[in-house]
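At position 253 of the sequence shown the residue is numbered 239 (the working numbering), and the sequence of numbers has no breaks. Beta carbons: idealized from backbone N, C-alpha and C, even for Gly. Just below is one structure, and these are the notes that go with it.
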Amino acid sequence: MIVQFTKFCRSVLFVTALRPDRYVKCQEAGADISLVDLEDSVSGNDKHVARKEAERFFTAKASGSGLRAVRINAISHQEGLRDLLAILDYAAKPDIIAIPKVESPRDVEIAELVLRDQCRETGYLAIVETARGIENVFDIARSSSRLRALVFGSADYSFSIGSSMSDGVLYHARSRIVTAARAAGIHAIDTACFDIRNTARLDAEARMCREMGFSGKAAIHPSQLRWINAAFSPDDETLEKARRIVAASRESNQNVCVVDGMMVGIPIVDAARRILSEFDGGGRGEAPLREGPRESDG
């Protein structure tokens, strides 16, 4: 079986907006997406200052090859609306805006209404981190054509249902997120591992989520990127198998072929081609998969 891989969002590295001295390091650390945070890492009294500092994250010359993003405050809070209005005035717009605590499609729609055409190239990440968000996740995944991925927020979700943060407890929420994302043709990004020094746990989490169908994982420290990027990238054996699958499909000229004794159909051939396009040909990951139908598709 071929797991789907992408260079678009293997890793998302967070940095607080209040530490502009770390902006360059964040972008050079090797994350696919470097994200400046206006939400949890910024206290209420510092929100205004953080918005001003965050603009420098986008106006400065890019110091890495990844995309640049910002996490705003919740749309249901006035600070979230202030964040969006501030972004409208930024001289350079973010590649991506991460919207936290998304509980319904309306949260994403409000962001679109505020930003309108002034951020037309900006995509969205919807962070799903409450019981209500998990309940409505399939509708959220189809809320906007500019939505690039769903992101799981485990800490707030666990608090919202009164549970522990063990993998067994979180399995249901993760499954709903990745299924909703793939059904809508977008990516799924797993929550961060908060035990920074426990690389064994980080590696196990990342590989488990890769097997579940996630495209990447959030990071809260640059040291985590090595493990995350490795987990969500194909190894040499996977690349070689993808080459054999594509070659066998071409030679057979049929919808189904046999590779290593296994019957291979169109979905696996397409996945193999995508892997080779991004990881064997030097390409950068495309944001949306867009394999699933949307409500507007009819």
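DSSP, read as helix, strand or coil, puts Val28 in coil. Residue environment for Thr45: exposed (fewer than 16 other C-beta atoms within 10 angstroms of its C-beta). The beta carbons of Val22 and Ala48 sit no closer together than 7 Å. Phe(-9) has no beta-bridge partner at all, per DSSP. Annotation for Gly119: no beta strand (DSSP E) segment contains it, though the alpha helix (DSSP H) segment containing it runs 117 to 121.
When secondary structure is reduced to three states using DSSP, Val164 falls in the helix class. CA-to-CA, the gap between Cys105 and Ser20 works out to about 18 Å.
Secondary structure of His207 (DSSP, three-state): coil. Between the segment 151 to 170 and the segment 120 to 133 there are three or more C-beta pairs closer than 8 Å, enough to call the two in contact. For Ile85, no alpha helix (DSSP H) segment is defined; the enclosing uninterrupted segment is the beta strand (DSSP E) at 82 to 85.
Here Arg259 carries a helix assignment [DSSP, helix/strand/coil].
Taking the Cβ atoms as the reference, Ala192 lies roughly 7 Å from Phe218, within the contact range of under 8 Å. Closest by C-alpha distance to Ser161, out of Val123, Arg134, Ser149, is Val123. Secondary structure at Phe145: helix, using DSSP grouped into helix, strand and coil.
Here Ala205 really is in contact with Ala178; their C-beta atoms are around 6 Å apart, less than 8 Å. At a Cβ-Cβ threshold of 7 Å, Thr165 and Ser146 do not count as neighbours.
Ala78 places its beta carbon 7 Å or farther from that of Leu111. With a cutoff of 7 Å on beta-carbon distance, Ala60 and Pro80 are scored as not near each other.
The alpha-carbon of Gly154 is positioned some 23 Å away from that of Val88.
Following the DSSP letters along the chain, one finds Tyr110 inside the beta strand (DSSP E) bounded by residues 109 to 114.
By the C-beta density criterion, His173 is buried, having at least 16 other C-beta atoms within 10 angstroms. Per DSSP, the beta bridge partners of Leu21 are Phe0, Ala55.
Contact annotation: Lys203 and Ile214 have beta-carbon atoms nearer than 7 Å. The three-state secondary structure of Gly202, taken from DSSP, is strand. In the DSSP annotation of this structure, His63 is not part of any alpha helix (DSSP H), being labelled neither H nor E.
Taking C-beta atoms as the reference points, Leu4 and Ala17 fail to come closer than 7 Å. Per DSSP, reduced to three states, the secondary structure at Cys179 is coil, with no helix or strand assignment. Straight through space, the alpha carbons of Ser201 and Arg260 are spaced by roughly 13 Å.
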